[in-house]
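Chemist: Chains as they are written, first to last, in the numbering used here: chain A, -11 to 175; chain B, -11 to 175.
There are 2 protein chains.
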Amino acid sequence: MARKKEYNEGVVLEKAMNLFWRNGYETTSMKMLEKEMGINKFSIYSSFGSKRGLFLESVVNYKKKINSIFEELKNSNNGIEDIKDYFYNSIKICKLTGNQKGCLVTNTYNEFSEKEDDQIKELINSYMNNLKELFIEKLKQDSSKDELTVLKQANYLFLAKNGLAAASRVNNEREIEDYIEMTFKNL
Amino acid sequence: MARKKEYNEGVVLEKAMNLFWRNGYETTSMKMLEKEMGINKFSIYSSFGSKRGLFLESVVNYKKKINSIFEELKNSNNGIEDIKDYFYNSIKICKLTGNQKGCLVTNTYNEFSEKEDDQIKELINSYMNNLKELFIEKLKQDSSKDELTVLKQANYLFLAKNGLAAASRVNNEREIEDYIEMTFKNL
DNA sequence: TTAGTAACTAACCGATAGTTTAGTTATATA
DNA sequence: TATATAACTAAACTATCGGTTAGTTACTAA
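#1: Of all the residues that make up the stretch 6 to 26 of chain B, which are near chain A by a beta-carbon distance shorter than 8 Å?
#2: Distance, Cα to Cα, Glu22/B vs Phe123/A?
#3: Measuring straight from C-alpha to C-alpha, what distance separates Ser46/B and Thr137/B?
#4: Which chain A residues are close to Lys140/B, counting only those with a beta carbon under 7 Å from its beta carbon?
#5: The alpha helix (DSSP H) that contains Asp106/A, what's its start and end?
#6: Which residue spans inside the stretch 6 to 94 of chain B form an unbroken beta strand (DSSP E) run of at least 3?
#7: Considering only residues of the stretch 126 to 169 of chain B, which uninterrupted alpha helix (DSSP H) runs meet the minimum length of 4 residues and lie entirely inside it, listed in chain order?
#8: Strictly under 7 Å for the Cβ-Cβ distance: is Gly151/B near chain A by that measure?
#9: From Phe146/B to Leu119/B, what does the alpha carbon distance come to, in whole angstroms?
#10: With 7 Å set as the bound, which would you pick, yes or no: does the beta-carbon of Tyr144/B sit closer than that to a beta-carbon of chain A?
#11: Give me the subset of the stretch 86 to 100 of chain B whose CB atoms are less than 9 Å from a CB atom of chain A, sorted by chain position.
#12: Just checking: is the beta-carbon of Lys173/B within a distance shorter than 7 Å of some beta-carbon in chain A?
#13: With a threshold of 7 Å between beta-carbons, can Leu147/B be considered close to chain A, or not?
#14: Hey, does Glu135/B have any beta-carbon neighbour from chain A nearer than 7 Å?
#15: Are the stretch 94 to 106 of chain A and the stretch 10 to 20 of chain A touching by the rule of at least three beta carbon pairs closer than 8 Å?
#16: Between the alpha carbons of Lys62/B and Gly41/A, how many angstroms are there, rounded?
#17: With distances taken from CA atoms, which of Arg162/A, Phe172/A and Met18/A is nearest Asn143/B?
#18: Kindly say whether Glu59/B, judged by its beta-carbon, lies nearer than 7 Å to any beta-carbon of chain A.
#19: Could you check the C-alpha separation between Gln107/B and Asn113/B for me, to the nearest Å?
#20: Taking Cβ-Cβ distances shorter than 7 Å, what residues in chain B pair up with Arg157/A?
#21: Alpha carbons only, please: which of Phe8/B, Tyr50/B, Asn49/B and Tyr76/B is nearest the one belonging to Glu60/B?
#22: Could one say the Cβ of Glu161/B lies closer than 7 Å to chain A's Cβ atoms, at least one of them?
#23: Assign Ala4/A to one of three DSSP states: helix, strand, or coil.
#24: Just mark Ala200/A as buried or exposed, buried being the case when its beta carbon has 16 or more other beta carbons within 10 Å.
#25: Report back the beta-carbon spacing between Asn26/A and Val0/A to the nearest angstrom; my notes put them in contact at under 8 Å.
#26: Give the secondary structure of Tyr97/A by DSSP, where H, G and I count as helix, E and B as strand, and everything else as coil.
#27: With a cut-off of 7 Å, does the C-beta of Ala154/B fall near any C-beta of chain A?
#28: So, using beta-carbon positions, are Met20/A and Tyr50/A closer together than 7 Å?
#29: Distance, Cα to Cα, Lys39/A vs Phe30/A?
#30: Name the residue from Ile57/A, Lys89/A and Phe8/A whose alpha carbon lies nearest to the alpha carbon of Leu44/A.
#31: Pull up the CB-CB distance for Asn150/B and Asn150/A, whole angstroms please, since I reckon it's below 8 Å.
#32: Where does Glu(-6)/B fall in DSSP's three states?
#33: Consider the C-beta atom of Ile112/A and the heavy atoms of the ligand ATP; say whether any pair is separated by less than 6 Å.
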């Protein structure tokens, strides 16, 4: 009955996500978003409600993007080898977007750790917890490991992912690969 | 010839540093700084010039604080064991301040990675580079390692420090120790 | 063709950001 | 004790923040 949107919400959301990814939530202003998304404030607010709403949808969009490699980790059955593949796939995601900004989930976890925003924290924590649980599950497939070893190694790999997120900011593929290989060397 | 300062610059700088450490640069406002430091804007500006100036001095102050463990790493002669001690000492620093905000240098590196502020970046990078160089030096003390292995392991440990910074945000000493032990297990 | 409606532009909102300044108070020295 | 000077308070500054709204434009469906 009326005028058509001149932009595609999926397309502009992707652009917003990349900007938030690069700069974090606080540093990214509405003005920057207008410029990057190529639409003006009114359109942003009518489509996403608020800056925070746009950020939330950006994080959800990011989670969808990495969901494929998460599913792969979940559905494969090669134990620890799956986790290693997951590490390699994680860095591919960053390369894909052309960003060198680590992991949006990790970045957001860091930026919001001291803030009071349960909804965003829950969004992040659910991903983190699922990942750690999956690591435990994979490690358990090796029946030679006792329970304590499994927990220690899962904890280790979980924290090693943070090192990986940092590594993926630097454009040196060889160093990243070395890091992954070293991490899995003696598990 | 005139009135005395009612505050000690070292004391208020320490408070500012802790606030920046907890919240990052952008999120910390002058109002928050006034409250935390217990002095008003005028005093902050007369002592530190600007918000950015205060932040710079906070980072320098932080570097001084961790300098002792850095010197220890430098002056000891137990090779890889020194690096491990350095890891353990790093997490003690966080415990000491009562903060669970990882490493201010790492946090700042992350927050400023996309910004154009060469002075702050240089301050961070010099520390990062010195640390990596020192890791290489320590690893070289083991003459059984060839050069390539040394570089790979230094790279690995350097990135593992990022995982440690993330770990130190979580108040679980056992998990942190497990992580460190796993990291050094088979080097 | 036209009336209704949603998408658009652009100016505006109050709040707050970092920063400065005018005016006041306290103190060290002469 | 008087005075010079620096530390203080508090209000104002400009710019920008996230968010809103009045008015215009374009398109769909009747």
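Where is the CB? At the ideal position from N, CA and C, for every residue including glycine.
Owing to the predicted nature of the structure, the values given are computational and were not obtained by experimental measurement.
Modeler: The answer reads as follows:
#1: So the close ones are Arg10, Asn11, Gly12, Glu14 and Thr15.
#2: Walking along the second sequence from the start, residue 22/B turns up at place 34. Walking along the first sequence from the start, residue 123/A turns up at place 135. Each residue's CA atom was taken as its position, placing Glu22/B and Phe123/A some 45 Å apart.
#3: Taking the first residue of the second sequence as 1, we reach residue 46/B at position 58. Taking the first residue of the second sequence as 1, we reach residue 137/B at position 149. Distance between the alpha carbons of Ser46/B and Thr137/B: 37 Å.
#4: Stepping through the second sequence from its first residue, residue 140/B is reached at position 152. The contacting residues are Asp166 and Met170.
#5: Looking up residue 106/A in the first sequence gives position 118. DSSP places Asp106/A in the uninterrupted alpha helix (DSSP H) bounded by Asp106 to Lys128.
#6: Those beta strand (DSSP E) runs which fall completely within the stretch 6 to 94 of chain B and span 3+ residues do not exist here.
#7: Look at the stretch 126 to 169 of chain B and you find these whole runs of alpha helix (DSSP H), each 4 residues long or longer: 135 to 155.
#8: As a position in the second sequence, residue 151/B is number 163, starting the count at 1. Cβ-Cβ to chain A under 7 Å: yes for Gly151/B.
#9: Position 158 of the second sequence, counting from 1, holds the residue named residue 146/B. Position 131 of the second sequence, counting from 1, holds the residue named residue 119/B. Their backbone Cα atoms lie some 8 Å apart in a straight line.
#10: Within the second sequence, the letter at position 156 stands for residue 144/B. When Cβ-Cβ separations below 7 Å define contact, Tyr144/B makes contact with chain A.
#11: From the stretch 86 to 100 of chain B, only Gln88, Lys89, Gly90, Thr94, Asn95, Tyr97, Asn98 and Glu99 have a Cβ closer than 9 Å to chain A.
#12: Translated into the one-based positions of the second sequence, residue 173/B becomes position 185. So yes, Lys173/B belongs to the interface.
#13: Your numbering for residue 147/B matches position 159 in the second sequence. Output row for Leu147/B: interface = yes.
#14: For the purposes of this step, residue 135/B is identified with residue 147 of the second sequence, where counting begins at 1. Answer no: the Cβ-Cβ gap between Glu135/B and chain A never drops below 7 Å.
#15: Inter-segment contact for the stretch 94 to 106 of chain A and the stretch 10 to 20 of chain A is present: three or more beta-carbon pairs are separated by less than 8 Å.
#16: One-based indexing of the second sequence puts residue 62/B at position 74. One-based indexing of the first sequence puts residue 41/A at position 53. Answer to the nearest angstrom: the Cα atoms are 48 Å apart.
#17: As a working note, residue 143/B is residue 155 in the second sequence. Checking every option, the nearest Cα to that of Asn143/B belongs to Arg162/A.
#18: Counting from one through the second sequence, the residue named residue 59/B turns up at place 71. For Glu59/B, the answer is no, since every Cβ of chain A falls outside 7 Å of its Cβ.
#19: On the second sequence, residue 107/B is found 119 positions in, with the first residue counted as 1. On the second sequence, residue 113/B is found 125 positions in, with the first residue counted as 1. Going by the C-alpha atoms only, they are around 10 Å apart.
#20: To locate residue 157/A, count along the first sequence from 1; it is residue 169. Ser101, listed in chain order.
#21: Within the second sequence, numbered from 1, the residue matching residue 60/B stands at position 72. Checked all of Phe8/B, Tyr50/B, Asn49/B and Tyr76/B; the closest Cα to Glu60/B is Tyr76/B.
#22: As a first step, residue 161/B is located in the second sequence; it is residue number 173 there, counting from the start. For Glu161/B, the answer is no, since every Cβ of chain A falls outside 7 Å of its Cβ.
#23: Locating residue 4/A in the first sequence gives position 16, counting from the first residue. Here Ala4/A sits in helix by DSSP.
#24: With chain A represented from -11 up to 175, any question about residue 200/A goes unanswered, as that position is not in the structure.
#25: The residue you call residue 26/A lines up with position 38 of the first sequence. The residue you call residue 0/A lines up with position 12 of the first sequence. It should be noted that the sequence gives Gly, not Asn, for residue 26/A. Contact between Gly26/A and Val0/A holds: CB atoms are separated by about 7 Å, below the 8 Å threshold.
#26: Stepping through the first sequence from its first residue, residue 97/A is reached at position 109. Three-state DSSP puts Tyr97/A in a helix.
#27: Position 166 of the second sequence, counting from 1, holds the residue named residue 154/B. Yes - at least one Cβ of chain A is within 7 Å of the one on Ala154/B.
#28: The count along the first sequence starts at 1 and reaches residue 20/A at position 32. The count along the first sequence starts at 1 and reaches residue 50/A at position 62. Judged by their CB atoms, Met20/A and Tyr50/A are not nearer to each other than the 7 Å cut-off.
#29: Taking the first residue of the first sequence as position 1, residue 39/A is located at position 51. Taking the first residue of the first sequence as position 1, residue 30/A is located at position 42. Taking C-alpha positions only, Lys39/A is separated from Phe30/A by approximately 12 Å.
#30: Along the first sequence, one-based indexing puts residue 44/A at 56. Relative to Leu44/A, the option among Ile57/A, Lys89/A and Phe8/A whose CA is nearest is Phe8/A.
#31: The count along the second sequence starts at 1 and reaches residue 150/B at position 162. The count along the first sequence starts at 1 and reaches residue 150/A at position 162. Yes, Asn150/B and Asn150/A are in contact; Cβ-Cβ is about 6 Å, under 8 Å.
#32: Working through the second sequence from its first residue, we reach residue -6/B at position 6. The answer is coil: DSSP assigns Glu(-6)/B none of H, G, I, E or B.
#33: No copy of the ligand ATP occurs in the structure displayed, which carries no ligand at all.
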